[in-house]
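Enquirer:
There are 2 protein chains.
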Amino acid sequence: MHFPEVLPLQSGAQLRDYHLAYETYGTLNADRSNAVLVCHALNASHHVAGVYEGQPKSEGWWDNMIGPGKPVDTDRFFVIGINNLGSCFGSTGPMHRHPDTGRTYGADFPVVTVEDWVNAQARLLDRLGITQLAAVLGGSLGGMQALSWTLQYPERMRHAVVVASAPNLTAENIAFNEVARRAIVTDPDFHGGHFYEHGVVPKRGLRIARMIGHITYLSDDVMNEKFGRQLRSRVLDAAQPFAGSSGDAPAPSAEGYRYSTQDIEFQIESYLRYQGDKFSEYFDANTYLLITRALDYFDPARRHGGQLTRALAQAQARFLLVSFTTDWRFSPQRSREIVKALLDNRRSVSYAEIDAPHGHDAFLLDDPRYMQVMRAYFQRIAQEFA
Amino acid sequence: MHFPEVLPLQSGAQLRDYHLAYETYGTLNADRSNAVLVCHALNASHHVAGVYEGQPKSEGWWDNMIGPGKPVDTDRFFVIGINNLGSCFGSTGPMHRHPDTGRTYGADFPVVTVEDWVNAQARLLDRLGITQLAAVLGGSLGGMQALSWTLQYPERMRHAVVVASAPNLTAENIAFNEVARRAIVTDPDFHGGHFYEHGVVPKRGLRIARMIGHITYLSDDVMNEKFGRQLRSRVLDAAQPFAGSSGDAPAPSAEGYRYSTQDIEFQIESYLRYQGDKFSEYFDANTYLLITRALDYFDPARRHGGQLTRALAQAQARFLLVSFTTDWRFSPQRSREIVKALLDNRRSVSYAEIDAPHGHDAFLLDDPRYMQVMRAYFQRIAQEFA
């Protein structure tokens, strides 16, 4: 959807003449009361569910959660996925042309915040004729958007479903983001954010950023279970000769080690390198900076002297919060802070702390208890307009 | 100390014509029974205590622990610090010349393991005429060396003091090492490890490596306490103009944000960049690869089907193990694995789990309970030869 008008941003800058990519699933009911907005996190898009025709592998990123008969049942709900501004999956972002200069935005794309995204999402809903959402749903950074919706447009939603999220980033969270950004910015192929014009991509930096990110998405436990100290298998090596060596790779020792500092030795290394390589093929470096910064900046309590309870006094929605025990990126403690602030304000809150081994990634996986909690909550919402 | 003879390495390679830098503190007693070997971790050296004449800021890295009247009391013990092979503080390493080729070793420096280091240390002790150590002491990777000593030279030591250590790295530990290595290896200034000849240093990679390392040394708690979400102070900015901006840095918003993806916004970013910059000025990139690999490879249970109890059956020393509650790099759980394996073998073990907020770094800091545990244990050792 094209928006010719100006969108004022929190930074004081503005965007105009922008596009938002979105998808919808299911049917909007007669009184337009069954719409659910799904907000995405760092590495996702408006394509939340289903597959594109003739592309069986194009499953939406939350396809296990959203669809006909699924916990967020598109036979009952009208689900909307929107790609956020500054992202790289269809909505206007750094790789698009600045309407004033005709030059690719690159590093000149304005800093966007969670609040800006929510404002842009609200305008899209205006155009769709949706005055009030049944729910806003998001995990991680998506959960921050759901939370921000309750403060920016308290009357425009009935429920907020905030999964594996936090009221702001800790110093450690910011630190990981900053290392990833430095890896990108100091890649010589970054060219100050204007690499498009040079026909290169700062893949080295993107790979490092993704590897760091990936470590923080998984739990120590699940990494040990999946990879442990397993060496890269010899079967693999036979098919795929030893990477990076010039034919004289040392034969494995009696202990199975090859004694190399640069070649892959452990399975976990192979896995991380693969994740980094894949990511660097499709993700935009400026988008990475923008989205991690939006994470850093999000802090609704800031305007209220750091008091989350005061910040959340504006919320009117009913809430479901979900956290996962082994999530050390956004730990259960962070969700409990939100729950407490809401209870202090006598808001209606359901909270589920799911005992799952998969760390932050758990919010995208098929834990049966998690799925059951989500299904039950959305069934309750559906009864309101049934 | 110069060693002309060949040192066979675990990898099958060998080193010859090498130097080990070492320092001693205190006096070796008549029956040579009061020697304590101190092993260092990634970023440290043989200079464990005291200051060099006329250089008041040259304190040894464990100066709070070791010295006259300190927990490891150099009025009673003869303390030896050795810089490990492959390091960059005086012992033979990648920046030295290969005796065969005359060329700087660079990436051709052989992979060294904890076991190799221990063998080299034992040879130095031979030269010093020390048959049996009162104790081997180390924290983190240094603790792995102390543990390995008990298996490689069980009769040559009476005590092993293993602080904030682990019987091997977890997948997550290896993962963090691997990201740091990739940042270094993919820095265009690395030149396959032969950057010396190009007159450059892969500082970008070293900075990223150090930033990642630093995050894992601190606890989430202490980072929040020290930095939290504090913005870089304006006072600092007045004295030191806004870094990276071309004079047109945006004025801070009402919320205090400047809305920038590349400039420093939070104190934690400033701190990490500073740590990275400092490190990249003095640390050798090939050393970083070598030492992190030594960490990855250490796994005494490997030869015993992964059974630590069987591996530690060879140990004869009495043990003190210390861990710190908020250390998530080498968590208390990892120390308890060692304790359990020793107890399974009916070895003498003392174990202290110190409730300290500082994460892995705690082993270098002045926690009073920690200091007291160390003092008491070394007093007990001293009574053996008093």
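Those sequence lines, one after another, are chains L and Z.
The numbering of the first sequence is the UniProt record's numbering, which starts it at 1 and goes up by one.
The numbering of the second sequence is the UniProt record's numbering, which starts it at 1 and goes up by one.
No residue lacks a Cβ here, since even glycine has one placed at the ideal position from N, Cα and C.
1) Mind checking which residues open and close the beta strand (DSSP E) that includes Phe385(Z)?
2) State yes or no: is the beta carbon of Phe227(L) nearer than 7 angstroms to at least one beta carbon in chain Z?
3) Three Cβ pairs or more, each shorter than 8 angstroms: is that satisfied between the region 159-166 of chain L and the region 54-62 of chain L?
4) If you compare alpha carbons, which of Ser11(Z), Leu147(Z) and Ala209(Z) is closest to Lys278(Z)?
5) Less than 8 angstroms between C-beta atoms, sequence neighbours within five positions excluded: which residues of the same chain meet that for Asn29(L)?
6) Tell me the rounded alpha-carbon separation between Gly69(L) and Asp75(L).
7) DSSP state of Arg158(L), grouped into three classes?
8) Three or more C-beta pairs closer than 8 angstroms, one from the region 225-235 of chain Z and one from the region 261-272 of chain Z: is that the case here?
9) Over what stretch of residues does the alpha helix (DSSP H) that includes Ile215(Z) continue unbroken?
10) Is it true that the region 316-332 of chain L meets the region 347-362 of chain L, where meeting means three or more beta-carbon pairs spaced less than 8 angstroms apart?
11) Is the CB of Asn224(L) under 7 angstroms away from at least one CB in chain Z?
12) Against chain L, does Ile208(Z) count as a neighbour if the rule is that its beta carbon must be under 7 angstroms from one of theirs?
13) Would you call the CB atoms of Ser11(L) and Tyr351(Z) closer than 7 angstroms?
14) Assuming contact is defined by CB atoms lying nearer than 7 angstroms, are Thr167(Z) and Ile338(Z) in contact in what I supplied?
15) Along chain L, which residues have their Cβ under 7 angstroms away from the Cβ of Tyr259(Z)?
16) For the putative contact between Arg182(L) and Arg207(Z), defined by C-beta atoms under 8 angstroms, what is the C-beta separation to the nearest angstrom?
17) Going by alpha carbons, who is nearest to Ile130(Z) out of Thr170(Z), Ser33(Z) and Ile66(Z)?
18) Just to confirm, does Gln379(Z) get its C-beta within under 6 angstroms of one of the non-hydrogen atoms of the ligand SAM?
19) Using the Cα positions of Met144(L) and Asn43(L), report the straight-line distance between them to the nearest angstrom.
20) My guess is that Thr150(L) and Ala311(L) are in contact by the Cβ rule of under 8 angstroms, so how many angstroms apart are they, rounded?
21) Since Ile174(Z) meets chain L, which of its residues come closer than 8 angstroms, beta carbon to beta carbon?
22) Using 8 angstroms as the Cβ pair cut-off and three pairs as the minimum, do the region 34-41 of chain Z and the region 131-138 of chain Z touch?
23) Using the C-alpha atoms, what's the distance from Ile291(L) back to Val114(L)?
24) When the cut-off is 7 angstroms and only beta carbons count, does Leu272(Z) lie next to chain L?
25) Out of Glu281(Z), Leu289(Z) and Leu321(Z), which one is the CA nearest neighbour of Phe378(Z)?
26) Are the CB atoms of Ile184(L) and Tyr288(L) nearer to each other than 7 angstroms?
27) Note down, in chain order, each residue of its chain lying with its Cβ closer than 7 angstroms to the Cβ of Leu236(Z), except the 5 sequence neighbours on either side.
28) Could you spell out where the beta strand (DSSP E) holding Gly305(Z) opens and where it closes?
29) Check Glu269(L) in the structure and name its three-state DSSP category.
30) Leaving aside the five residues before and after Pro154(L) along the sequence, list all residues of the same chain whose C-beta is less than 8 angstroms from its C-beta, in chain order.
31) Does the distance from the C-beta atom of Leu9(Z) to that of Pro110(Z) stay below 7 angstroms?
32) Can you tell me whether Ala376(Z) is buried or exposed? The criterion is at least 16 other CB atoms within 10 Å of its CB, across all chains shown.
33) Look at the Cβ atom of Ala134(L), then the Cβ atom of Pro202(L), and state whether they are nearer than 7 angstroms.
34) Less than 7 angstroms between CB atoms is the rule here; does Thr216(L) satisfy it with respect to chain Z?
35) In the structure shown, what three-state DSSP assignment does Asp73(L) receive?
36) Please state the DSSP three-state secondary structure of Gln132(L).
Expert: A quick look at the data gives this:
1) Here Phe385(Z) belongs to no beta strand (DSSP E), and DSSP marks it neither H nor E.
2) yes
3) no
4) Ala209(Z)
5) Phe78 and Phe385
6) C-alpha of Gly69(L) to C-alpha of Asp75(L): approximately 7 angstroms in a straight line.
7) Three-state DSSP puts Arg158(L) in a strand.
8) The region 225-235 of chain Z and the region 261-272 of chain Z touch, with no fewer than 3 CB-CB distances between them shorter than 8 angstroms.
9) Lys203 to Tyr217
10) yes
11) yes
12) yes
13) no
14) The question names Thr, yet the displayed sequence has Pro at residue 167(Z). Closer than 7 angstroms, so yes.
15) Under the 7 angstroms cutoff, chain L gives Ser11 and Val111.
16) 7 angstroms
17) Between Ile130(Z) and the set Thr170(Z), Ser33(Z) and Ile66(Z), the nearest pair of CA atoms involves Ser33(Z).
18) With respect to the ligand SAM, the structure offers nothing, as it holds no ligand at all.
19) 15 angstroms
20) No, Thr150(L) and Ala311(L) are not in contact; Cβ-Cβ is about 10 angstroms, not under 8 angstroms.
21) Arg229, Phe266, Ile268 and Glu269
22) A contact exists between the region 34-41 of chain Z and the region 131-138 of chain Z.
23) 9 angstroms
24) yes
25) Checking every option, the nearest Cα to that of Phe378(Z) belongs to Leu321(Z).
26) yes
27) Bear in mind that a pLDDT of 45 at Leu236(Z), under 50, signals an unreliable position, so the model cannot answer this.
28) No beta strand (DSSP E) holds Gly305(Z); DSSP gives it neither H nor E.
29) helix
30) Gln314, Ala315, Gln316 and Ala317
31) yes
32) exposed
33) no
34) Not an interface residue.
35) strand
36) coil
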